[in-house]
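Sequences listed follow chains A and B, in order.
Per the numbering used here: the first sequence = residues 155 to 430.
Per the numbering used here: the second sequence = residues 861 to 1117.
Have a look at the structure below before the remarks.
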Amino acid sequence: MQRARLDSTLKRWQNRSWIAWVVPITLLLLWQVLGQLGVISTRILPTPIAVIEALITLISNGMLFDYIGTSTGRALIGSAIGGSIGFSLGLLNGVVPLAEKLTDTSIQMVRNIPHLALIPLVILWFGIDEAAKLFLVALGVAFPIYLNTFHGIRSVDPSLIEMGKVYGLRGWALFRNIILPGALPSILVGVRFALGTMWITLIVAETISADSGIGYMAMNAREFMQMDVVVLSILLYALLGKLSDSIAKWCERLFLQWHPNYGKGQQAGKKGVTSL
Amino acid sequence: MSTGVFGSSLSASQVWKQFDHVTVLEELNLQVKPGEFIAIVGKSGCGKSTLLRLVAGLDEPTDGTLLLDGKTIQGIDPDTRVLFQDARLLPWKKVIDNVRIGVRGGNPDDAAAALRMVGLEDKAHVWPSTLSGGQRQRVALARALAGHPRLLLLDEPLGALDALTRIDMQDLIEKLWQRQRFSVILVTHDVSEAVALADRVVLMKDGAIALDVAITLPRPRERDSGFAYFEQLILDRVMERDSRSERASRRQTSYSI
Chain A
155 MQRARLDSTL KRWQNRSWIA WVVPITLLLL WQVLGQLGVI STRILPTPIA
205 VIEALITLIS NGMLFDYIGT STGRALIGSA IGGSIGFSLG LLNGVVPLAE
255 KLTDTSIQMV RNIPHLALIP LVILWFGIDE AAKLFLVALG VAFPIYLNTF
305 HGIRSVDPSL IEMGKVYGLR GWALFRNIIL PGALPSILVG VRFALGTMWI
355 TLIVAETISA DSGIGYMAMN AREFMQMDVV VLSILLYALL GKLSDSIAKW
405 CERLFLQWHP NYGKGQQAGK KGVTSL
Chain B
861 MSTGVFGSSL SASQVWKQFD HVTVLEELNL QVKPGEFIAI VGKSGCGKST
911 LLRLVAGLDE PTDGTLLLDG KTIQGIDPDT RVLFQDARLL PWKKVIDNVR
961 IGVRGGNPDD AAAALRMVGL EDKAHVWPST LSGGQRQRVA LARALAGHPR
1011 LLLLDEPLGA LDALTRIDMQ DLIEKLWQRQ RFSVILVTHD VSEAVALADR
1061 VVLMKDGAIA LDVAITLPRP RERDSGFAYF EQLILDRVME RDSRSERASR
1111 RQTSYSI
């Protein structure tokens, strides 16, 4: 009896949205308590309250939103460029076999270079200007989108394409009605993975060379030993990452309502196979 | 469209089809009159699906002529529709939009009418993934008929359905065929289904026609002794068994010993 009741309580808890926040909040509380007791030196890690104080200061002098805005702008512009390049190439190579034969080998070779290893070269090319960061973000985003678009188009059920042809769908109509929607689940997995790459690239690029943005804020604070600001920047990246992932998930639910795995508001994480 | 000759006529003469030196169809001859319901039966690999793909324009014959209403079949004809074994609905389109693919010009009212014809108007705005196998196949039938085809090709459309749903679908196909008078070629390996539906049952063996029987039973067909006679006749030929009379006489001889 006891056990059955416990089981049903646990089952009910699984479906609550706040359940996801239990672990992070517990950790936060533990961190505050340990910091206050002096178990963790404030020189190693400032307490959460100190971080919140830093947050309030930075909000009141307007710098925080300035930096968040700059970083977000870079992230969005860079991924828009890289995303459209990856998407177009994926489409082209998915639909035209000749294009795939011509370009796929080169793309695979470039893809296997860690794009962050290009930073010295990129600084020489573009200096530490905006262009350098946009270039890196675009490069990081292009490949996951390319791979998943290509894979998505190639894995559209050929029997559906044949059905479309029997019903007189050709060219653009065939693409719009069958190929693109069939490839969409895979493309959206690519988008989700690309968003992760986007933030990682931006963090690294901004900490190495920048004069604005969250990464710059962290590096600047390091020089003055402002531990609270450093930790705040890291937390900001975590939040922004979570935010963009939520947006991607929301897109999946919006566009893939028909898909039994997404439509009923289930966690979409199961589809993450191609995310590596 | 309820009266008169609406269906296409089909004439296949001396048709050959080879895939990499494997001959699938060999000197095949077949005539289908306008509005006629033909069933093609045969074991797996006898070439019946290949023949259907040629008629649908999805493949080309290696040799011979295939005439649809007197014209050589070149590619997919808008007056010919195929119902596949799997329903092949687009999972990302609601039921009604799936049917609209079959409507020439894409008029949603025509799609709704086709859906009403198969009795699924209340499912118009659901996703195909929520339908049962039989319902999906009915939606596929509505999609095939929405464009008022003159020739309907059925490629084992009921093979994946359970026995009761299959009888339902057979009745529905017969009813719609009688109403719209299109020509039908049904490929199946269910002999009783062929006898229940077709005007003529054609048996294919090794890429050619081995038997062509007119089913003279009145419609709607009862599963009576006449039905059993045709079923047994065709099944014996499919399985290459001796006919029933021969078997009966042999049994008698074995008794007498």
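For glycine and all other residues, C-beta sits at the position ideal for the given N, C-alpha and C.
Small disclaimer: the values here were computed from a predicted structure and weren't measured.
Spatial distance of residue i from residue j (CA atoms)
i        : j        : result
G902(B)  : L888(B)  : 14 Å
R197(A)  : I362(A)  : 23 Å
R1081(B) : Y1089(B) : 13 Å
I1027(B) : L1018(B) : 9 Å
R996(B)  : A947(B)  : 6 Å
V193(A)  : D382(A)  : 17 Å
V963(B)  : L1001(B) : 12 Å
P894(B)  : C405(A)  : 51 Å
T1025(B) : R998(B)  : 10 Å
L199(A)  : G244(A)  : 45 Å
D258(A)  : P202(A)  : 49 Å
I933(B)  : L926(B)  : 6 Å
R170(A)  : V345(A)  : 27 Å
F1087(B) : I1094(B) : 11 Å
P178(A)  : A402(A)  : 22 Å
I1117(B) : M1099(B) : Unreliable placement is indicated for I1117(B), whose pLDDT of 46 sits below 50; the coordinate value is still reported in the next sentence. So the alpha carbons of these two residues sit roughly 28 Å apart.
F289(A)  : L356(A)  : 10 Å
P312(A)  : A372(A)  : 51 Å
I231(A)  : N247(A)  : 24 Å
A286(A)  : G336(A)  : 35 Å
E360(A)  : T224(A)  : 11 Å
N374(A)  : P268(A)  : 27 Å
S992(B)  : V205(A)  : 56 Å
CB of residue i within 9 Å of CB of residue j, strictly
i        : j        : result
I956(B)  : L975(B)  : yes
T940(B)  : L1011(B) : yes
P1009(B) : G322(A)  : no
I299(A)  : F219(A)  : no
I1045(B) : V875(B)  : no
A229(A)  : L386(A)  : no
R1003(B) : E1034(B) : no
A1020(B) : Q945(B)  : yes
L349(A)  : S238(A)  : no
S309(A)  : S340(A)  : yes
E950(B)  : I332(A)  : Looking at the sequence provided, one finds Leu at residue 950(B) rather than Glu. Taking 9 Å as the Cβ cut-off, L950(B) and I332(A) qualify as a contacting pair.
E896(B)  : R1060(B) : yes
L870(B)  : L918(B)  : no
G227(A)  : G294(A)  : no
Exposed unless 16 or more other CB atoms sit within 10 angstroms - verdict on residue i
i        : result
H985(B)  : exposed
S115(A)  : Residue 115(A) cannot be examined here, being either before or after the span of chain A that is shown, 155 to 430.
Q168(A)  : exposed
Q190(A)  : exposed
E1053(B) : buried
N958(B)  : buried
I368(A)  : buried
W353(A)  : buried
L885(B)  : buried
M1029(B) : buried
H881(B)  : exposed
R1101(B) : exposed
V892(B)  : buried
E377(A)  : exposed
G867(B)  : buried
W172(A)  : exposed
K908(B)  : buried
A158(A)  : exposed
W175(A)  : exposed
First through last residue of the beta strand (DSSP E) which encompasses residue i
i        : result
L393(A)  : Element bounds for L393(A): not the beta strand (DSSP E) but the alpha helix (DSSP H), M381 to F409.
I1069(B) : A1068 to A1074
K1065(B) : R1060 to K1065
L1014(B) : L1011 to D1015
Closer than 9 Å to chain D by CB, residue i
i       : result
D970(B) : Annotation note: the requested chain D is absent from the structure, which comprises protein chains A and B.
Boundaries of the alpha helix (DSSP H) in which residue i is found, first to last residue
i        : result
S1043(B) : Taken as a continuous stretch (DSSP letters only), S1043(B) belongs to no alpha helix (DSSP H), being part of the beta strand (DSSP E) at S1043 to T1048.
V249(A)  : M217 to V249
D161(A)  : Q156 to Q168
L328(A)  : G325 to L328
D946(B)  : Per DSSP, D946(B) belongs to no alpha helix (DSSP H) and is neither H nor E.
T201(A)  : First-last for T201(A): undefined, no H or E at that position.
S1085(B) : S1085 to M1099
K319(A)  : P312 to V320
Y112(A)  : Because chain A in this structure spans residues 155 to 430, residue 112(A) falls outside the shown range and cannot be described.
For this session: Just list the alpha helix (DSSP H) runs in the segment 865-940 of chain B, keeping only unbroken ones of 4 residues or longer that don't cross its boundaries, in chain order.
Result: At a cut-off of 4 residues, the continuous stretches assigned as alpha helix (DSSP H) that sit fully inside the segment 865-940 of chain B are 908-916.
Problem set entry | Those runs of the alpha helix (DSSP H) which lie wholly inside the segment 265-307 of chain A and span at least 4 residues | The DSSP assignment places 273-280 as complete runs of the alpha helix (DSSP H) inside the segment 265-307 of chain A, in order along the chain (cut-off: 4 residues).
Exercise. Can you list, in chain order, the stretches of the alpha helix (DSSP H) that have 4 or more residues and sit fully within the segment 956-1006 of chain B?
Worked result: Look at the segment 956-1006 of chain B and you find these whole runs of alpha helix (DSSP H), each 4 residues long or longer: 968-977 and 993-1006.
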